[in-house]
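Worksheet: one structure, shown below.
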Amino acid sequence: MIWRSVVGKLAITIFVLFSFVLFILSIFLLEFFKNYHISEAEKDMMQTASKVSLFADQQSDRNYIQETTELIKTPASRVAIVYPDGELWVSNTSSRDLKKFNETWIENERDLSEVIISDKKVQKEIMLPDNEMEIIIVGEPLLDNGAIFVYQSLEVIDQTEAETSKIIILAGGIALILTTFFAIFLSTRISSPLIKMREAASNLTRGEFDTKVPILTNDEIGDLAKEFNRMGMQLKFHINALRQEKEQLSSIVSSMADGVVTLNRNGDMVVTNKPADKFIENWYFENNIKVNSKELPTELNETLQLVISDEKEALREINLQGRNYVMLMTPLYDQSYVRGAVAVIRDMTEERRLDILRKDFIANVSHELRTPISLLQGYSEAIVDDIAESKEDKNELAKIIHEESLRMNRLVNELLDIAQMEAGHIKLNIEKVDLESFVQRIMKKFQGLANDNQLELSLKEDFSIPNASFDPDRIEQVFTNLIDNAIRHTSENGFVNVIVKNTENELYVAIEDNGSGIPEEDLPFVFERFYKADKSRTRNNQKKGTGLGLAIAKNIIDTHNGLLNVKSKLNQGTTFSFIIPQRNNSKY
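The letter at position 315 of the sequence shown is residue 315 when you use UniProt numbering, and the numbering goes up by one with no holes.
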């Protein structure tokens, strides 16, 4: 529609305004020219009447007067002479419709009769009764009650007026055409920069902030274009700043180990990171809700309502899928209005477990040291008090004291080893080791112990490559711990198999037995410090462990970038296996 265009609105406004002014001006001009023509016609006729009157008063020859009158009058008019004796003479005319003067006109028009009676001049427009023609008539008195009347039809003036109207209308038409062209030209000049600004604004809405509006003029529109370009530059700057801040915040939230959930006042989750998504998925799983559901967890919803009502942060602990979570929810304000909240969810399971381990560690160390210290104290008091009278009894007591001191020393050394390993202070001495001699030496060390316990200790080897890279002292410690555990937990006539395989990529070792096995509920904890299964399953009760051997073995294998696994069934046997990669150990 043309009214939806600035060009159309401006052009039509200019056109209508100019047309209105031109219309009013034309009316005034036509009226002016009409009055002007009538006035000029009356003036000419009055001059003619005055000349004829003067001439008639000076001449007595009426024929001469009439001939002279025909010469001085205008062709379209008539002259009527009323002589003092009442004789009436009317001149000829070129106008066919203009009737001859009739004495009844004098009778009907008082003003005309007064020219004769009162010697008054008159100029007047009258309507003839016979043919309804409108005429202009002027009267000039003669001496001795005579009169000269000059009259002509208004059609002559109307024709002149019509010609004048044509000229005015033609000029108005030309003016309207020029005005229309000027209006369109002017509105186009004004609207062209506005159209460019509209296109540039459309580009801005699509994110094209480099769009520039050409500055074509130095007027207000040019100033508007300058400010528009400046606005685009400022928008680009602020949008880039907001984008960088948003990306920075997004990176911070994504990289956080804690879960972050941003909520609006209605409880909709606006922003979440991966830890928070994992927490929500676990909540959905526990409550049998579809993962794709957008339902807000009950604990979060209750805390959100509390934060909105109290307008302060709230702390809550949540137990979910066997894990402990602590959630801190803080309100988000829009000036003084709480528009939502942000919740930080931290998984405290490991911290709580480590706290428990710390407490258990102190209790376990105290328990492990209390027994040998009590024995040392008791047997040393027996020696001091001469309770053991014979030398053999004293030697037996001294032997027990020596064994318990060795046990305490072994416990302390193992505690130091595992502390160094967990602190990352262990240093490996990686060497190229000949597996055949290394494994055979370990097997010989335990062969006598296996024979004493009436067990079958066997070795299965498969070496694609004869050498392997590892720390021989540390790996021997792992072998010793695993084989010793297998022998201690295997009954008579049982077996302990040692399987060693070596390839270019990895060293694989497995120690399997058919001993008492480990309960399924204890398997996740066998590599923890001071963990011990039921002592009733230990065949050799005289040789008790400290509960640190498997923890040390796991740290040694982890330091080699390897993996230590256990498989066991109660009363069927246990298999400990570990893998040491060969390509990555060169970095040590």
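Cβ atoms here follow ideal geometry from the backbone N, Cα and C, with glycine treated the same way.
Bear in mind that the values here come from a model prediction, so they are computed numbers and not experimental data.
| query | result |
| --- | --- |
| C-beta contact flag for V213 and K196 at 8 Å | yes |
| Bridge-paired residues (DSSP) for K359 | Paired residue(s): none; K359 is not in a bridge. |
| Collapsed DSSP secondary structure at Y64 in the structure displayed | helix |
| Close beta carbons around I184, own chain, < 6 Å, minus the five adjacent residues each side | A11 |
| S19 versus D158: straight-line alpha-carbon distance, rounded | 25 Å |
| CA nearest to the CA of residue 594, picked from I499, L523 and I556 | In the structure displayed, the chain extends from 1 to 588; residue 594 sits before or after that span and is not available. |
| Alpha-carbon spacing of H560 relative to E403, whole angstroms | 33 Å |
| Length of the line joining the Cα atoms of L242 and G322 | 41 Å |
| Per-residue burial, K554 [other beta carbons within 10 Å of its own, 16 or more giving buried] | buried |
| N- and C-terminal bounds of the beta strand (DSSP E) containing E152 | One detail in the question is off: residue 152 reads as Gln in this sequence, not Glu. Segment G146 to S153, the beta strand (DSSP E) holding Q152. |
| Identity of the residue in T180, N229 and L224 nearest N203 by Cα | N229 |
| For R346, the first and last residue of its enclosing beta strand (DSSP E) | Y337 to D347 |
| Cβ-Cβ distance between P141 and I174 below 8 Å | no |
| Beta-carbon proximity list for V500, same chain, < 6 Å, skipping 5 on both sides | V439, E461 and V509 |
| Buried/exposed call for A391, threshold 16 Cβ in 10 Å | One point to set straight first is that residue 391 is Lys, not Ala, in the sequence displayed. Its Cβ having fewer than 16 others within 10 Å, K391 is exposed. |
| Element boundaries [alpha helix (DSSP H), containing R488] | P472 to R488 |
| Residue from N287, Q234, N240 and V307 whose Cα sits closest to the Cα of G267 | V307 |
| Contact set for Q244: own chain, Cβ-Cβ below 6 Å, skip 5 residues either direction | none |
| Rounded C-alpha distance that separates residue 640 from L170 | Summary: the structure shown does not reach residue 640, with the chain confined to residues 1 through 588, and so no result is reported for it. |
| Residues sharing a beta bridge with T211, DSSP | Note: T211 sits in no beta bridge, so no partner. |
| Which residues DSSP lists as bridging N266, in chain order | According to DSSP, N266 bridges with nothing at all. |
| For D452, the first and last residue of its enclosing alpha helix (DSSP H) | L435 to D452 |
| Beta-ladder partner(s) of D513, from DSSP | V496 and T574 |
| Endpoints, alpha helix (DSSP H) assigned at N229 | E220 to S255 |
| Three CB pairs or more closer than 8 Å across the region 45-57 and the region 132-151 | yes |
| Exposed unless 16 or more other CB atoms sit within 10 angstroms - verdict on L572 | Per the sequence presented here, residue 572 reads as Gln, with Leu not at that position. Q572 should be labelled exposed. |
| Exposure label - K427; buried when at least 16 CB within 10 Å | exposed |
| Whether V496 touches I475 by CB criterion (8 Å) | no |
| Bridge-paired residues (DSSP) for P372 | Looking at the DSSP assignment, P372 forms no beta bridge with any residue, so it has no partner. |
| Distance between D111 and V122 (C-alpha atoms, nearest Å) | 7 Å |
| Supposed close pair N240, R339 - CB separation, criterion 8 Å | So it is not a contact: roughly 26 Å between Cβ atoms. |
| Beta-carbon proximity list for K535, same chain, < 6 Å, skipping 5 on both sides | Residue placement at K535 is poorly supported in this model, since its pLDDT is 45, which falls under 50; the coordinates are not used for a value here. |
| CB contact flag (I136, L154, <8 Å) | yes |
| I86, DSSP secondary structure in three states | Ile is not the amino acid found at residue 86; the sequence shown has Gly there. Three-state result, G86: coil. |
| N- and C-terminal bounds of the alpha helix (DSSP H) containing V291 | Note, V291: premise wrong, no alpha helix (DSSP H); not H, not E. |
| Classification of K73 by the beta-carbon crowding that lies within 10 angstroms, buried from 16 upward | buried |
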